[in-house]
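Note sheet for the following structure.
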Amino acid sequence: MRLSATFFLLLTLSCLFFPAFSSATSVAGPRELILRAQSSIGMAYAGVVEAEKAGGDVSQLVTDLNGALGTLDSAKRSYDAGDYDSASRYAVEAETQALAVADEARIVRDEASRRAFNLNVLIIISVIACLVALSVFYHLGLRWLADRRLRETMKLRVKEGTTE
Amino acid sequence: MRMDEETTVLVAVGVASILVLATVVYITLQPKPAKEFMEMYVLDSNHGTVDYVRDLEVNEVVRSYVGVRNYMNSAQYMAIYVKISNNTVSAEPCPLPPLVTYERILPKGATWEFPLDIVLTRAEIQGGYTVVKELRVNNMTLRGLGLLAEGGKGYRVVFELWLYDPTSESFKFTGSWGKVWTQFWFNLMVPK
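Chains as they are written, first to last, in numbering that gives the first Met the number 0: chain A, 0 to 163; chain B, 0 to 191.
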């Protein structure tokens, strides 16, 4: 307990006596946040592609992700201009936007997959039903033809004639 | 109701014929997979391909329009790298770092076009070379540059299209879409 208190005291003193160290840590913050936001946008994009391949409508997701890219761009510009507070704020906002898109992309993908599954089941059932119906109609048609032929045969009459 | 042998054969053949016919029709009606590619173009200030600036002066605004169209089968996360090089560099991609980068997610079949204003704001002559020290791209000033060209001739603005690869989590210049880049040339006139 005493050891950790001493360590904390030394750390505080080092920050006071070495301002360069403390400023270096504050600069590293926004840079890391920007990298995290970039990574989240990449992850969200991968989710959007999966949702699109599953057959989902991703137009709104793409719009939202472009919004996240715009916010990330603002973060980078602020960072280049030395405005690290704004850079951090924008980077966090971009990451939040990207994560929201990633969540939404999962929902769109699952819904699209479910719809595709239902459609496949419907197609299979329809095909089977059509085959059964065709078989029945085909068989009944053959029977009707056979009956008709029989009726025609029964109607035949012997015609009396003369032989030479 | 019992089917005789002839009827059974007829039913089986009929069903098989329908199945084969349905399969053939289904395959025939399926659209052929289109070749995937990306398209990029640079237009002049009049939205044409005739009036590209050839001879440029310091502080003269070069307006061009950069467009990208997505012919891939899914939305693409792309980056357009804008670089300024000279006629001594011919590698693909251009080994110089990008001056500016534009990133966007482009939906399948969509086109994205944006105006690009380039102004060379400071240039010097050193020996036989013109050196661009500062320039502005769409209101973003870039300082501390050292873009050389002998006699100010043969500068080129290079536009490279890089696509994001989710597997490697990085942008790639080449892939199934080929290599997409374009450029325009200009000479820089600096008064002595």
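Note that CB positions come from ideal geometry on N, CA and C, so glycine has one too.
Element boundaries [alpha helix (DSSP H), containing residue i]
i	result
A:Met153	83 to 153
B:Leu144	Unbroken run through B:Leu144: none, as it is neither H nor E.
Candidates the options: closest to residue i by CA position
i	options	result
B:Ser73	B:Leu134, B:Lys191, B:Met37, B:Val23	B:Met37
B:Thr129	B:Asn138, B:Val67, B:Gly153, B:Gln29	B:Gly153
A:Met42	A:Thr95, A:Gly55, A:Arg30	A:Thr95
B:Trp161	B:Asp3, B:Ala78, B:Gly177, B:Met188	B:Ala78
B:Tyr51	B:Thr100, B:Ala122, B:Ile117, B:Asn69	B:Ile117
A:Asp102	A:Ala74, A:Val57, A:Ser77, A:Ile127	A:Val57
A:Ala132	B:Val8, B:Gly13, B:Glu4	B:Gly13
B:Leu146	B:Arg121, B:Asn138, B:Pro165, B:Asp164	B:Arg121
B:Pro97	B:Leu141, B:Tyr70, B:Ile124, B:Thr166	B:Leu141
B:Arg155	B:Ile17, B:Thr48, B:Ile83	B:Ile83
A:Ala80	A:Arg30, A:Ala99, A:Gly54, A:Ala36	A:Arg30
A:Ile123	B:Glu4, B:Asp3, B:Thr6, B:Leu18	B:Leu18
A:Arg164	A:Arg35, A:Leu32, A:Ala145, A:Gly54	Beyond the ends of chain A as shown, which are 0 and 163, falls residue 164 of chain A; an answer cannot be given.
Inter-residue CB distance, residue i and residue j (contact presumed, cutoff 8 Å)
i	j	result
B:Trp111	B:Val81	Actually they do not touch by this definition, with Cβ atoms about 15 Å apart.
A:Val61	A:Val47	6 Å
A:Ser134	B:Val8	Contact flag wrong, Cβ pair sits at about 13 Å.
A:Ala50	A:Ala111	6 Å
8 Å Cβ shell around residue i - same chain, five flanking residues per side excluded
i	result
A:Gly28	Tyr83, Ser87
B:His46	Tyr64
A:Arg148	none
A:Ser85	Ser73, Ala74, Ser77
7 Å CB neighbourhood of residue i in its chain, flanking five on each side removed
i	result
B:Glu149	Gly127, Tyr128
B:Leu144	Val131, Lys132, Glu133, Leu134
B:Gly151	Thr129, Asn186, Leu187, Met188, Val189
B:Val60	Asp116, Val118
Continuous beta strand (DSSP E) stretch holding residue i: start and end
i	result
B:Asp116	110 to 125
A:Leu60	From DSSP, A:Leu60 is part of no beta strand (DSSP E) but of the alpha helix (DSSP H) over 58 to 79.
B:Arg27	The residue asked about is misnamed: residue 27 of chain B is Thr in this sequence, not Arg. Taken as a continuous stretch (DSSP letters only), B:Thr27 belongs to no beta strand (DSSP E), being part of the alpha helix (DSSP H) at 4 to 28.
B:Glu35	No beta strand (DSSP E) holds B:Glu35; DSSP gives it neither H nor E.
B:Met77	75 to 85
B:Gly177	177 to 188
B:Thr129	128 to 136
B:Leu105	99 to 105
Beta-carbon proximity list for residue i, same chain, < 6 Å, skipping 5 on both sides
i	result
B:Phe172	Pro92, Trp161
A:Ala97	Ser39, Ile40, Ala43, Ala67
B:Glu56	Met188
B:Asn86	Gly153
B:Gly175	One detail in the question is off: residue 175 of chain B reads as Ser in this sequence, not Gly. The answer, listed in chain order, is Glu35.
A:Met153	none
Near the ligand ATP: residue i beta-carbon under 7 Å from a heavy atom
i	result
A:Ala80	With respect to the ligand ATP, the structure shown offers nothing to examine, as it has no ligands at all.
Decide if the segment 84 to 91 of chain A is in contact with the segment 104 to 114 of chain A; the criterion is three or more beta carbon pairs, one per stretch, under 8 Å apart. no
Report yes or no: do the segment 108 to 120 of chain A and the segment 59 to 68 of chain A share at least 3 C-beta pairs separated by less than 8 Å? no
Spell out a yes or no on whether the segment 94 to 107 of chain B and the segment 41 to 53 of chain B are touching, meaning 3 or more CB-CB pairs, one atom from each, closer than 8 Å. no
Inspect the CB distances between the segment 111 to 120 of chain B and the segment 166 to 183 of chain B and report whether three or more fall short of 8 Å. no
Does the segment 132 to 150 of chain A come within contact of the segment 18 to 29 of chain B, defined as at least 3 CB pairs closer than 8 Å? No, the segment 132 to 150 of chain A does not touch the segment 18 to 29 of chain B.
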